[in-house]
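Student: Here it is, the structure, as structure tokens.
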Amino acid sequence: MAHSRIALFETIVRRTDHLIARGTKTSATFTRWRLAIFLIGLVSTITLYKLDWYQSGNLALGVFLAVFITVAAYHNRVETRIHRLRQWKQLKLAHLARMALDWAAIAPRPGEAPKSHPYATDLDLFGAHSLTHLLDTTVSDHGRERLQSWLLEQPPTPSHWYARQSLVKELASHSLFRDRLALVAKLTGDQEINGRRLAAVLEHPIGLPHLDTLLVVQSLLALATIGLVLATMFGQLPGYWMFSFAAYVLIYFMTDQGEELLEHAVGLHHETERLATVLGYIERHARRRDTALASAWANLIRTASPTLHLNRAARALHAISIKAHPLVHLAVNALCPWDLWFTRRLIHIQREIQHALPRWLDCLAEIEAASALATFAYLHPNYTWPTPLVAAGERNGAPPALHAGQLGHPLLPVKTRVANDVHLNELGSIHLITGSNMSGKSTFLRTIGINLCLAQAGAPVCAHSFEWTWSRLACCIRVDDSLDAGLSFFYAEVKRLKTILDATNDITAPPVLFLIDEIFKGTNNRERLIGSRAYITELSQGNGFGLVSTHDLELAELEPAVPRLINAHFQETVSAGALEFDYRLRPGPCPTTNALRIMELEGLPISPVPNIRQNDPHG
């Protein structure tokens, strides 16, 4: 199925290229026609005027001007269509890049992992070549943040999760709707829609006392000035207009005129128009009843159309944006109380939509985030929709478990990805994973974590089957020391492990699925072994289950002492003097090690070191 998707996108790209080539050729023809019409019209009109045929010259000028405007209008339509086709092509190329994991061809999105988050850094959720880099197709800041929150705040309440997955599944089968939503947003601007700035302006109270009185007084003074100016021009009165104008100017400079808010509103009309365009597109497609999209959109259609309100707001904000041109702004306000009028208009708009706007942005964010996951599902038809092992209204209705068949890492290419089965059962169950260097232990832990993250976000997972109970995900895979905080690597690791242990002590919350890589790797062998034994034993008695990887083969001896501990391992083979890894999980402790072999292959000495003390004269 994935191959058919690729073939479909490649066909669309070829056809789009053909249409762009035809459009470009047509545009070039229009360009030549416009030049020819302009030159012929110019020569003909000048010639007729030179011959004193003024009526014919005027007629020729009018005809050529009408023809030129008509051709220019059609030319602009062709150019608009070419631009639309190019954006459509880029959308399809981005889909191909996501399927092939061609990171350079996928536009990066803003966002970074929150500090001290229990798994965001460990599972590569943010940054280049990350999960959000792959998933994020949102068009607004609210949509981007909503998608990120689904990945970061887990587990969700079951009722929210079922509603979310229902919307994602429905949108997964409507690829044209999703792509056109992205296209509509892209055609209005390259940057994401900044709903936060719009909300800030509309929620900001305008503290301008006696606005209505000021507006009436300034309007009367402006009308009086215009009337007196006209009377002076026709010689009816002397220059009395200077007195009314002076009063008008004095009041203008002595009052605030809403300067603080108007400054923030300059240029905001474009964001408002973009938001109105995107909401209008969704509104037209959410009218069908009994659909998940209509349910998500229900909060918006209880009142008047958000598109109508936002277009009104855009017109007012467009008028306010005249402040960006100081000379024009002063000239307009010299003729009439422009700022006062649109300040009053903005207050009226605030009353209309300031309470509805957060709801509109919230619904848009929900649909954007669901659309991003739906695109992920559509681009990976071989992925599986996960199934919770609980009823819709329950959270802890079943023993903790995670069962996955042929689980793979979605950020690894298909050709190099190796899938394994995973079966985790019961509170306190721990899979102790041993194995050689580079055998795949860390990747295996990340594979489980990132797929659980996708499952609880409402997305499909990279597996043939996936069933689980709601779990709090906690990882200790990638730990960095912090010079700013004065933390060594070992102390940072200890703090992370303490956080995981504390989380398992909370029996009122869902169980913790912990993924711990190379436990206590920041200290010496003896202390690491003592600490690891005590920690794993304590971990097995809490409200959690999961996996711990280690290089210490001695820890495999804990299996008889810890009732629910299971040993498993990855191993390598030596072929033609080189190490080969198959990245397959096998039962039992690892029977081999490879550190010395790697040293030998790289040319490092591995023979025993002589006793230094024998040659020490101070010994």
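Mind the numbering: the sequence shown is residues 4 to 622 in my numbering, read in order.
Just so you know, even glycine gets a beta-carbon here, dropped at the ideal spot from N, CA and C.
#1: Bridge partners for Glu583 per DSSP, in chain order?
#2: Quick check on the burial criterion: 16 or more other C-beta atoms within 10 angstroms. Buried or exposed for Pro514?
#3: Closest by CA to Gly547, which one among Pro403, Ile453, His426, Glu557?
#4: Since Val219 is in the alpha helix (DSSP H), which residue starts that stretch and which ends it?
#5: State yes or no: is the C-beta of Leu22 within less than 7 Å of the C-beta of Leu88?
#6: Taking the CB atoms as reference points, tell me whether Met4 and Pro463 lie closer together than 7 Å.
#7: Taking DSSP's pairing of strands, which residues face Gly1 in a bridge?
#8: Taking all protein chains shown into account, decide if Gln221 is buried (16 or more other Cβ within 10 angstroms of its Cβ) or exposed.
#9: Would you tell me roughly how many angstroms separate the C-alpha atoms of Ile9 and Thr378, rounded to the nearest one?
#10: Is DSSP giving Ser324 helix, strand or coil here?
#11: On a Cα-Cα basis, can you pick out the residue from His86, Ala559, Phe493, Ala506 that is closest to Gln544?
#12: Count the other CB atoms, across all protein chains shown, that sit within 10 Å of the CB of Gly396; report buried if there are 16 or more and exposed otherwise.
#13: Considering only the beta carbon of each residue, do His86 and Phe33 sit closer than 7 Å?
#14: Suppose the cutoff is 8 Å on Cβ atoms and the five residues either side in sequence are ignored; what does the same chain contact list for Val331 look like?
#15: Rounding to the nearest angstrom, what Cα-Cα distance links Thr576 and Pro590 in this structure?
#16: Enumerated in chain order, which unbroken segments of the beta strand (DSSP E) with a length of 3 residues or greater are wholly contained in the segment 339 to 427?
#17: Please state whether DSSP places Leu88 in a helix, a strand or coil.
#18: Only counting runs of 4 or more residues, tell me where the alpha helix (DSSP H) segments fall wholly within the segment 435 to 513, in order along the chain.
#19: Applying the criterion that 16 or more other CB atoms from any shown protein chain within 10 Å of the CB defines a buried residue, is Leu343 buried or exposed?
#20: If you draw a straight line from the alpha carbon of His321 to that of Leu94, how long is it in whole angstroms?
#21: Suppose you measure from the CA of Gly130 to the CA of Cys479; what does that come to, to the nearest Å?
#22: Would the segment 361 to 381 and the segment 240 to 252 be scored as touching if the rule is three or more Cβ pairs under 8 Å?
#23: At what residues does the alpha helix (DSSP H) containing Val269 begin and finish?
#24: Under DSSP, the alpha helix (DSSP H) around His6 begins and ends at which residues?
#25: Determine contact between the segment 429 to 441 and the segment 492 to 500, defined as no fewer than three beta-carbon pairs at a distance below 8 Å.
#26: Give the secondary structure of Ser178 by DSSP, where H, G and I count as helix, E and B as strand, and everything else as coil.
#27: Let's see if you can read the secondary structure: which residues bound the alpha helix (DSSP H) around Tyr538?
#28: What does Asn570 pair with, by DSSP beta-bridge criteria?
#29: Enumerate in chain order the residues of its own chain whose CB-to-CB distance from Leu338 is below 7 Å, with the five nearest sequence positions on each side excluded.
#30: Let me know if Ser119 comes out buried or exposed under the rule of 16 or more other beta-carbons within 10 Å of its beta-carbon.
#31: In the DSSP assignment, the alpha helix (DSSP H) including Arg200 goes from what residue to what residue?
Tutor: According to the data block:
#1: Working through the sequence shown from its first residue, we reach residue 583 at position 580. DSSP lists Thr576 as partners of Glu583.
#2: Here residue 514 refers to the residue found at position 511 of the sequence shown. Counting Cβ neighbours within 10 Å, Pro514 comes out buried, since at least 16 surround it.
#3: In the sequence shown, the residue the question calls residue 547 occupies position 544. Nearest of Pro403, Ile453, His426, Glu557 to Gly547, Cα basis: Pro403.
#4: The residue labelled residue 219 in the question sits at position 216 within the sequence shown. From DSSP, the alpha helix (DSSP H) with Val219 extends over 214 to 236.
#5: Stepping through the sequence shown from its first residue, residue 22 is reached at position 19. Stepping through the sequence shown from its first residue, residue 88 is reached at position 85. Against a cut-off of 7 Å, the Cβ pair of Leu88 and Leu22 comes out as a contact.
#6: For this step, residue 4 is matched to residue 1 along the sequence shown. For this step, residue 463 is matched to residue 460 along the sequence shown. Contact: no.
#7: Residue 1 is absent from the model: the chain starts at 4 and stops at 622.
#8: Position 218 of the sequence shown, counting from 1, holds the residue named residue 221. The residue is buried, with at least 16 neighbouring Cβ atoms inside 10 Å.
#9: Start at 1 with the first residue of the sequence shown, and residue 9 comes out as number 6. Start at 1 with the first residue of the sequence shown, and residue 378 comes out as number 375. Distance between the alpha carbons of Ile9 and Thr378 is about 14 Å.
#10: Residue numbering aside, residue 324 sits at position 321 when the sequence shown is read from its first letter. Of the three classes helix, strand and coil, the one that applies to Ser324 here is helix, per DSSP.
#11: Working through the sequence shown from its first residue, we reach residue 544 at position 541. Minimum Cα distance to Gln544 is reached at Ala506.
#12: If you number the sequence shown from 1, residue 396 lands on position 393. Summary for Gly396: the model assigns pLDDT 48, below 50, so the residue's position carries little reliability; its value from the coordinates is reported in the next sentence. Counting Cβ neighbours within 10 Å, Gly396 comes out exposed, since fewer than 16 surround it.
#13: As a position in the sequence shown, residue 86 is number 83, starting the count at 1. As a position in the sequence shown, residue 33 is number 30, starting the count at 1. Taking a C-beta distance under 7 Å as the contact criterion, His86 and Phe33 do not qualify as a contact pair.
#14: Your numbering for residue 331 matches position 328 in the sequence shown. Here the set comprises Ile325.
#15: As a position in the sequence shown, residue 576 is number 573, starting the count at 1. As a position in the sequence shown, residue 590 is number 587, starting the count at 1. For Thr576 and Pro590, the distance between alpha carbons rounds to 17 Å.
#16: 404 to 410
#17: Reading the sequence shown from its first residue, position 85 is the one you call residue 88. If DSSP states are grouped into helix, strand and coil, Leu88 belongs with the helices.
#18: 444 to 460, 492 to 507
#19: By 1-based counting over the sequence shown, the position of residue 343 is 340. Leu343 should be labelled buried.
#20: Locating residue 321 in the sequence shown gives position 318, where the first residue counts as 1. Locating residue 94 in the sequence shown gives position 91, where the first residue counts as 1. Distance between the alpha carbons of His321 and Leu94 is about 30 Å.
#21: Your numbering for residue 130 matches position 127 in the sequence shown. Your numbering for residue 479 matches position 476 in the sequence shown. Rounded to the nearest angstrom, the two C-alpha atoms are 19 Å apart.
#22: By the C-beta criterion, the segment 361 to 381 is judged not to be in contact with the segment 240 to 252, since fewer than 3 inter-stretch pairs fall below 8 Å.
#23: Here residue 269 corresponds to residue number 266 of the sequence shown, with the count starting at 1. For Val269, no alpha helix (DSSP H) encloses it, and the DSSP letter there is neither H nor E.
#24: Translated into positions along the sequence shown, residue 6 becomes position 3. If you look at His6, you'll find it in the alpha helix (DSSP H) that goes 5 to 53.
#25: Contact fails: fewer than three Cβ-Cβ distances are below 8 Å.
#26: As a working mapping, residue 178 is identified with position 175 in the sequence shown. Three-state DSSP puts Ser178 in a helix.
#27: Residue mapping note: residue 538 aligns to position 535 of the sequence shown, counting from 1. Where Tyr538 is concerned, the enclosing alpha helix (DSSP H) stretches over 528 to 542.
#28: Position 567 of the sequence shown, counted from the first residue, corresponds to residue 570. Its beta-bridge partners are Leu435.
#29: Translated into positions along the sequence shown, residue 338 becomes position 335. Cβ contact annotation for Leu338 (same chain, cutoff 7 Å, sequence separation greater than five): Ala225, in chain order.
#30: Indexing the sequence shown from 1 puts residue 119 at position 116. Around the beta carbon of Ser119, a 10 Å sphere encloses fewer than 16 other beta carbons of the protein chains shown; the residue is thus reported as exposed.
#31: Mapped onto the sequence shown, residue 200 falls at position 197. Unbroken alpha helix (DSSP H) run through Arg200: 198 to 206.
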